[in-house]
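Trainee: Let me begin by handing over the structure; questions about it come next.
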Amino acid sequence: MMMYIKKRTDEEILERETLDGHFIQKDFDELEKLEVTIPSEYGYDVKGYLVAPYENRKFVIICHGVTVNRYNSVKYMNLFLNRGFNVLIYDHRRHGESGGKTTSYGHYEKYDLRSAVHWLKEKYGQDITLGIHGESMGSVTMLLYAGMLEDGADFYVADCPFHSLEDQLLYRLKVDYRLPGFFVMPVARPFLKWRDGYSLRDVSPIAVVDQIKKPLLFIHSKKDAYIPADSSRQLFEKKTGPKKIYFAENGDHAMSFTENRAEYERVLDEFLEEIGLAEKQEAYKEKR
């Protein structure tokens with residue numbers, strides 16, 4: 001069942017991230033980081049790391065995708081450390097070391113993200129500069145948080161989100177199993193509501209993205225075969241206020257940074273420059 005989707009092990013994640021050039025064990029071990037425990041309003045603990053070498057009160061929270069954990073966020077952590085931001089990476093519910101019994105693809109996760117935002121602001125002040133970067137399910141979590149709960153960050157980066165959980169499931173049923181939606185959805189909708197307390201329509205970034213007023217950068221690979229790039233296009237068109245979109249030429253799902261690093265960084269730098277937050281540092285690892 002989707003709420004109990006099989007997760008990757010730490011070893012699997014670290015092997016892939018190392019092979020892709022995103023993770024160096026020695027550098028990570030030597031990195032000065034604070035182990036963080038954030039209470040969830042659902043009664044479990046959310047675990048993470050805070051890396052805060054700067055006194056500039058600029059922070060970014062990284063939200064990982066489904067089946068992985070905070071180690072998948074290290075590449076984005078380094079991306080923002082090199083741009084003068086302190087960074088919080090954490091495990092979503094039912095992932096890594098965090099508690100929680102089910103995966104809800106952004107529904108319950110958005111409340112944990114709100115808890116992380118509040119934790120940072122209580123620790124460093126309500127007037128910190130804050131960005132949130134999300135990948136796949138993490139980007140959906142971020143969009144639901146900002147569109148449904150509070151527009152609590154100063155900017156957002158949404159990397160390969162789906163626009164609607166129901167539409168995404170319909171698409172995967174067709175591609176993976178050649179099953180028509182009318183055969184599955186009449187059972188899936190009430191079952192999910194009964195089993196986990198929310199409906200598919202509760203996980204619909206397209207329904208709330210127009211409530212996000214802060215600047216938002218969408219990123220999606222043109223070759224994404226898991227979540228079509230058209231999802232980001234639809235979200236971008238619905239978003240009001242400051243926005244930018246980048247369609248990467250290479251890479252499958254959640255691989256835009258890995259397969260287009262220079263261009264990804266260029267677009268991010270342009271975005272930060274446009275919103276007045278550009279402050280690129282020399283490689284942070286050389287300053288440790």
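According to the UniProt record's numbering, the sequence shown is numbered sequentially starting from 1.
Glycine residues also receive a C-beta, built at the ideal position from the N, C-alpha and C atoms.
#1: Which first and last residues belong to the beta strand (DSSP E) in which residue 200 is found?
#2: In this structure, does DSSP put residue 3 in helix, strand or coil?
#3: Beta-carbon separation of residue 245 and residue 232 under 8 Å?
#4: Buried or exposed for residue 210, going by 16 or more other Cβ atoms inside 10 Å?
#5: Please look up how many angstroms separate the CB atoms of residue 117 and residue 62, rounded, as I've assumed it's under 8 Å.
#6: Are the stretch 126–134 and the stretch 180–197 touching by the rule of at least three beta carbon pairs closer than 8 Å?
#7: Taking buried to mean at least 16 other C-beta atoms within 10 Å of its own C-beta, is residue 287 buried or exposed?
#8: Could you give the DSSP three-state label for residue 58: helix, strand or coil?
#9: How many angstroms separate the CA atom of residue 98 from the CA atom of residue 167?
#10: In angstroms, rounded to a whole number, what distance separates the CA positions of residue 16 and residue 104?
#11: Going by C-alpha to C-alpha distance, which of 255, 218, 189 and 40 sits closest to residue 110?
#12: For residue 108, count the other beta carbons within 10 Å of its own beta carbon; 16 or more makes it buried, fewer makes it exposed. Which is it?
#13: Determine the direct distance from the alpha carbon of residue 186 to that of residue 22, and round the result to whole angstroms.
#14: Which value, in whole angstroms, describes the spacing of the CA atoms of residue 13 and residue 79?
#15: Any heavy atom of the ligand NAD inside 7 Å of the beta-carbon of residue 135?
#16: Have a look at 58, 92 and 52 and flag the residue whose alpha-carbon is nearest the alpha-carbon of residue 71.
#17: Where does the unbroken beta strand (DSSP E) through residue 138 begin, and where does it stop?
#18: Return the chain-ordered list of same chain residues with a C-beta closer than 7 Å to the C-beta of residue 229, the five sequence neighbours on each side being excluded.
#19: Residue 201 and residue 149: beta carbons closer than 8 Å?
#20: Since residue 4 and residue 102 should fall inside the 8 Å C-beta cutoff, what is the C-beta to C-beta distance between them, to a whole number of angstroms?
#21: Quick one: give me the first and last residue of the alpha helix (DSSP H) that residue 74 is part of.
#22: Pick from 164, 112 and 275: whose alpha carbon is nearest that of residue 145?
#23: Return the Cβ separation of residue 48 and residue 66 in integer angstroms, given the expectation that the two are a contact with Cβ distance under 8 Å.
#24: Let me confirm a value: residue 1 is counted as buried when at least 16 other C-beta atoms fall within 10 Å, else exposed. Which label applies?
#25: With a threshold of 6 Å on Cβ separation, who are the neighbours of residue 136 within its own chain once the five nearest residues in sequence on each side are excluded?
#26: Quick check on the burial criterion: 16 or more other C-beta atoms within 10 angstroms. Buried or exposed for residue 176?
#27: Measure the C-alpha to C-alpha separation of residue 270 and residue 261 and round it to an integer number of angstroms.
#28: Go through its chain and collect everything with a Cβ distance to residue 265's Cβ below 8 Å, but skip five positions before and after it.
#29: Is residue 286 helix, strand or coil by DSSP?
Mentor: Taking the coordinates as given:
#1: It is not in any beta strand (DSSP E) - residue 200 carries neither H nor E in the DSSP assignment.
#2: Reduced to three states, the DSSP call for residue 3 is helix.
#3: Contact flag set, yes.
#4: By the neighbour-count rule (16 or more Cβ atoms within 10 Å), residue 210 is not buried but exposed.
#5: Residue 62 and residue 117 do not touch by the CB rule: their CB atoms are close to 13 Å apart, not below 8 Å.
#6: Contact between the stretch 126–134 and the stretch 180–197 is absent, because fewer than three Cβ pairs lie under 8 Å.
#7: Note that residue 287 scores a pLDDT of 43, beneath 50, so its modelled location is shaky; the value from the coordinates is reported in the next line. Residue 287 comes out exposed.
#8: Shown here, residue 58 sits in a strand according to DSSP, grouped into three states.
#9: If I take the Cα positions, the gap works out to 28 Å.
#10: If you draw a straight line from the Cα of residue 16 to the Cα of residue 104, it is about 25 Å long.
#11: Residue 40 is the option with its Cα nearest to residue 110.
#12: Classification of residue 108: buried, given that the 10 Å Cβ count is 16 or more.
#13: Rounded to whole angstroms, residue 22 to residue 186 spans 42 Å at the Cα level.
#14: Taking the straight line joining both Cα atoms gives about 18 Å.
#15: Here there are no bound small molecules, and the ligand NAD is not part of this structure.
#16: Residue 92 holds the alpha-carbon nearest to the alpha-carbon of residue 71 among 58, 92 and 52.
#17: Boundaries for residue 138: no beta strand (DSSP E) harbours it, while the alpha helix (DSSP H) harbouring it runs 137–144, taken from the DSSP string.
#18: 220, 221, 222 and 247, listed in sequence order.
#19: Cβ atoms of residue 201 and residue 149: not closer than 8 Å.
#20: So it is a contact: roughly 7 Å between Cβ atoms.
#21: From DSSP, the alpha helix (DSSP H) with residue 74 extends over 74–81.
#22: With respect to the C-alpha of residue 145, the residue from 164, 112 and 275 having the closest C-alpha is 112.
#23: Taking the Cβ atoms as the reference, residue 48 lies roughly 17 Å from residue 66, outside the contact range of under 8 Å.
#24: Exposed.
#25: 65, 160 and 254.
#26: When all chains shown are included, residue 176 counts as exposed.
#27: Separation of residue 270 and residue 261 (C-alpha to C-alpha, rounded to the nearest whole angstrom) is 14 Å.
#28: Only 79 meet the Cβ criterion.
#29: Unreliable positioning characterises residue 286 in this predicted model, as indicated by a pLDDT of 42, which lies under 50. The coordinate reading is nonetheless provided below. Residue 286 falls in the helix class under three-state DSSP.
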